[in-house]
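Colleague: Got a structure here, written out as structure tokens. Questions coming.
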């Protein structure tokens, strides 16, 4: 079937669509079919006309050459030259049509008008950009993922699932790669990059590892990119699953660099009461007071790990998933430990006083274990806390933070309708009191066999804040080249800083020795 016949068939198909749609509004699908057919017909028409011109010119040149043989005169040679020019013109026209069609297809634009008017590809590109400028954005632009990206995503999710880490939306088709060993995956990657598959299969695992090491710093190499992606994804999954509790008692902040914050961060208040203005009286001027807030600063914490040659040969994918995940969870646990260490050690803070002190009005005079009386006393003490300027503030008590060992006592205190041990069935004022219990074993570890304090937190002030560099809360992984190291090496690090910004939203009971299990 030649192009003329194909064109006739497409015109007939288009006419059938027209007849079928007569007397009614076209559907979106029919409109799309019309547009597609019209573009194809326009392109075919131009190609047929170009071919006809080429055939006509070639035929004329052949007849002239046959009549005179080799003794063609300059005029005949000119005809031959014109035939070559025609061939080049046809090729150029085909390329123009193809380029315009491809460009317009990318931006879902009709190429017919551009093709018919003889517009160049640069003119079409300029017209599309101008249309985007006028409308503010392209009408429809699709970014498609190539086969290499799809393969890497499938291989990454296959490694993660094989390691036993659950992910919410694994890449479609990743199960095809779940049974692959690291050696099989390496051969697949290198084969896709053009290396001889048979030669790769004959390599020992040791030689294959050496080949991969040579590609480790090639930015387009698939195998190291899959390792990077697997590590990053497993780190995020495992980091987010660590059951730390510091998030409940801290606020979150962000800093843009590692410099200590400047002395220009203030809290504004102290405006006093509204004053009555008598008839025809004057409103008195007032100036809010400010108080300097403590400074904040970030530090970097990190580790380095590697997937060794032995791990590759032994097909130990734990070096790609569980080992990096352990470092990531260690980072989060370090933040948790630092926060509770600040509370437990009760060190001096920005104003030169201990975090919990009589002057701060946030410490109970006598230590005890959590009980109805001690909890009520702490609730009352926090309710009387003044703000920076001596004014009353409203703190909603929200959390009671304790070491492991008080959970069941607190459950009885907050869920018993009567006071426990009362002979008169006295009503328990803490029954269903809106205090959430937070337990953390770090307090137990810090206390050891000694006295362990417990705490209460409420709303109304910044309290303790954890800052991250530019809001990056999960560790960063970076592939590294370490001289003298035989293996794939990565750095994992995270930038954070912890600052006590206010003491008014927390209180401490010095506590007692935590009862043992036998007691």
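In my numbering, the protein residues as written are 2 to 520.
Think of the CB as a built atom: it goes at the ideal place given N, C-alpha and C, for glycine as much as any other residue.
(1) Pull up the DSSP beta-bridge partners for residue 514, would you.
(2) Assuming residue 186 contacts residue 156 under a Cβ cut-off of 8 angstroms, what Cβ separation, rounded to an integer in Å, is found between them?
(3) Output the distance between the C-alpha atoms of residue 439 and residue 446, rounded to the nearest integer angstrom.
(4) Helix or strand or just coil, what does DSSP make of residue 507?
(5) Which value, in whole angstroms, describes the spacing of the CA atoms of residue 368 and residue 411?
(6) Which first and last residues belong to the alpha helix (DSSP H) in which residue 377 is found?
(7) Is DSSP giving residue 307 helix, strand or coil here?
(8) Using a Cβ-Cβ cut-off of 8 angstroms (strictly less than) and excluding sequence neighbours within five positions of residue 431, which residues of its own chain qualify?
(9) Terminal residues of the continuous beta strand (DSSP E) containing residue 413?
(10) Taking contact to mean at least 3 C-beta pairs separated by less than 8 angstroms, is the segment 496-511 in contact with the segment 385-404?
(11) Does the Cβ of residue 69 have 16 or more other Cβ atoms within 10 Å, making it buried, or fewer, making it exposed?
(12) Per the DSSP calculation, residue 473 is bridged to which residue(s)?
(13) Measuring CB to CB, does residue 472 end up less than 8 angstroms from residue 255?
(14) With a threshold of 16 other CB atoms inside 10 Å of the CB of residue 1, please say whether the residue is buried or exposed.
(15) Between residue 499 and residue 402, is the Cβ-Cβ spacing less than 8 angstroms?
(16) I'd like to know whether the C-beta atoms of residue 418 and residue 425 end up nearer to each other than 8 angstroms.
(17) Compare the C-alpha of residue 318 against each of 380, 250, 166 and 371 and name the closest.
(18) Using three-state DSSP, classify residue 227 as helix, strand or coil.
(19) Let me check one thing: in DSSP terms, what residues is residue 364 bridge-paired to?
(20) Are the CB atoms of residue 236 and residue 149 within a distance shorter than 8 angstroms?
(21) Exposed or buried, which one is residue 234 when buried takes at least 16 other CB atoms within 10 Å?
(22) Rounding to the nearest angstrom, what Cα-Cα distance links residue 345 and residue 356 in this structure?
(23) Quick check on DSSP: helix, strand or coil for residue 178?
(24) Nearest to residue 434 by CA position, among 465, 504, 170 and 397, is which residue?
(25) Going by beta carbon distance, what residues of the same chain come within less than 7 angstroms of residue 338, once the five residues before and after it are set aside?
(26) Could you give the C-beta distance for residue 321 and residue 213, rounded to a whole number, given that I count them as a contact under 8 angstroms?
(27) Residue 468 and residue 299 - do their beta-carbons sit closer together than 8 angstroms?
(28) Any beta-carbon of chain C closer than 8 angstroms to the one on residue 94?
(29) What is the DSSP secondary structure of residue 172, counted as helix, strand or coil?
(30) Determine the direct distance from the alpha carbon of residue 262 to that of residue 366, and round the result to whole angstroms.
(31) Do you know whose CA, among 501, 196 and 197, lies nearest residue 352's CA?
(32) Might you give, ordered along the chain, the residues of its own chain that have their beta carbon closer than 6 angstroms to the beta carbon of residue 198, omitting 5 neighbours on each side?
(33) Please classify residue 130 as buried or exposed, where buried requires at least 16 neighbouring CB atoms within 10 angstroms.
(34) Determine the direct distance from the alpha carbon of residue 92 to that of residue 110, and round the result to whole angstroms.
(35) Quick one: is residue 102 buried, meaning 16 or more other Cβ sit within 10 Å of its Cβ, or exposed?
(36) With a threshold of 16 other CB atoms inside 10 Å of the CB of residue 154, please say whether the residue is buried or exposed.
Modeller: So, from the data block:
(1) Position 513 of the chain shown, counted from the start, is the residue given in the question as residue 514. 452, per the DSSP bridge assignment.
(2) Looking up residue 186 in the chain shown gives position 185. Looking up residue 156 in the chain shown gives position 155. Contact holds; Cβ gap of about 6 angstroms.
(3) Counting from 1 along the chain shown, the entry for residue 439 is found at position 438. Counting from 1 along the chain shown, the entry for residue 446 is found at position 445. The straight-line gap from Cα to Cα measures roughly 16 angstroms.
(4) Here the question's residue 507 lines up with position 506 in the chain shown. Note: residue 507 maps to strand in three-state DSSP.
(5) To locate residue 368, count along the chain shown from 1; it is residue 367. To locate residue 411, count along the chain shown from 1; it is residue 410. For residue 368 and residue 411, the distance between alpha carbons rounds to 17 angstroms.
(6) Translated into positions along the chain shown, residue 377 becomes position 376. Here the alpha helix (DSSP H) through residue 377 covers 373-384.
(7) Numbered from 1 along the chain shown, position 306 holds the residue referred to as residue 307. Here residue 307 sits in strand by DSSP.
(8) In the chain shown, counting from the first residue as 1, residue 431 sits at position 430. Once the five neighbours on either side are set aside, the close Cβ partners of residue 431 are 373, 376, 377, 414 and 415.
(9) Translated into positions along the chain shown, residue 413 becomes position 412. Taken as a continuous stretch (DSSP letters only), residue 413 belongs to no beta strand (DSSP E), being part of the alpha helix (DSSP H) at 408-416.
(10) yes
(11) The residue labelled residue 69 in the question sits at position 68 within the chain shown. The predicted position of residue 69 is uncertain, since its pLDDT is 47 and thus under 50; no value can be drawn from it.
(12) Walking along the chain shown from the start, residue 473 turns up at place 472. Bridge partners of residue 473: none, in fact.
(13) If you number the chain shown from 1, residue 472 lands on position 471. If you number the chain shown from 1, residue 255 lands on position 254. The answer is yes: Cβ separation under 8 angstroms.
(14) The question about residue 1 has no answer, for the chain in this structure spans 2 to 520.
(15) Indexing the chain shown from 1 puts residue 499 at position 498. Indexing the chain shown from 1 puts residue 402 at position 401. Not in contact: residue 499 and residue 402 (Cβ atoms no closer than 8 angstroms).
(16) In the chain shown, the residue the question calls residue 418 occupies position 417. In the chain shown, the residue the question calls residue 425 occupies position 424. Going by C-beta atoms, residue 418 is not nearer than 8 angstroms to residue 425.
(17) The residue given as residue 318 occupies position 317 in the chain shown. Answer by Cα proximity: 166.
(18) Here the question's residue 227 lines up with position 226 in the chain shown. Three-state result, residue 227: helix.
(19) Sequence index remark: in the chain shown, residue 364 carries index 363 (1-based). DSSP, once it has assigned bridges, lists 509 as partnering residue 364.
(20) Translated into the one-based positions of the chain shown, residue 149 becomes position 148. Translated into the one-based positions of the chain shown, residue 236 becomes position 235. Taking 8 angstroms as the Cβ cut-off, residue 149 and residue 236 do not qualify as a contacting pair.
(21) In the chain shown, residue 234 corresponds to position 233, counting from 1. Residue 234 should be labelled buried.
(22) On the chain shown, residue 345 is found 344 positions in, with the first residue counted as 1. On the chain shown, residue 356 is found 355 positions in, with the first residue counted as 1. Approximately 10 angstroms, taken between the alpha carbons.
(23) Translated into the one-based positions of the chain shown, residue 178 becomes position 177. In the structure shown, residue 178 sits in a helix (DSSP, three-state: H, G or I).
(24) On the chain shown, position 433 is the one that residue 434 refers to. Looking at the Cα atoms, 397 is the closest of the given residues.
(25) Against the chain shown, residue 338 aligns to sequence position 337. Closer than 7 angstroms at Cβ, skipping near neighbours: 443.
(26) Counting from one through the chain shown, the residue named residue 321 turns up at place 320. Counting from one through the chain shown, the residue named residue 213 turns up at place 212. Not quite, the Cβ-Cβ distance comes to about 13 angstroms (not below 8 angstroms), so this is no contact.
(27) On the chain shown, residue 299 is found 298 positions in, with the first residue counted as 1. On the chain shown, residue 468 is found 467 positions in, with the first residue counted as 1. Yes.
(28) Looking for chain C here will not work: only one protein chain is present.
(29) In the chain shown, residue 172 corresponds to position 171, counting from 1. Of the three classes helix, strand and coil, the one that applies to residue 172 here is coil, per DSSP.
(30) Counting from 1 along the chain shown, the entry for residue 366 is found at position 365. Counting from 1 along the chain shown, the entry for residue 262 is found at position 261. Cα to Cα, residue 366 sits roughly 35 angstroms from residue 262.
(31) Translated into the one-based positions of the chain shown, residue 352 becomes position 351. For residue 352, the nearest C-alpha among the options comes from 501.
(32) The residue given as residue 198 occupies position 197 in the chain shown. So the qualifying residues of the chain are 192.
(33) If you number the chain shown from 1, residue 130 lands on position 129. With fewer than 16 Cβ atoms within 10 Å of its Cβ, residue 130 is classed as exposed.
(34) Working through the chain shown from its first residue, we reach residue 110 at position 109. Working through the chain shown from its first residue, we reach residue 92 at position 91. Answer to the nearest angstrom: the Cα atoms are 24 angstroms apart.
(35) If you number the chain shown from 1, residue 102 lands on position 101. Flag for residue 102 reads buried.
(36) For this step, residue 154 is matched to residue 153 along the chain shown. Answer is buried; the Cβ neighbour count reaches 16.
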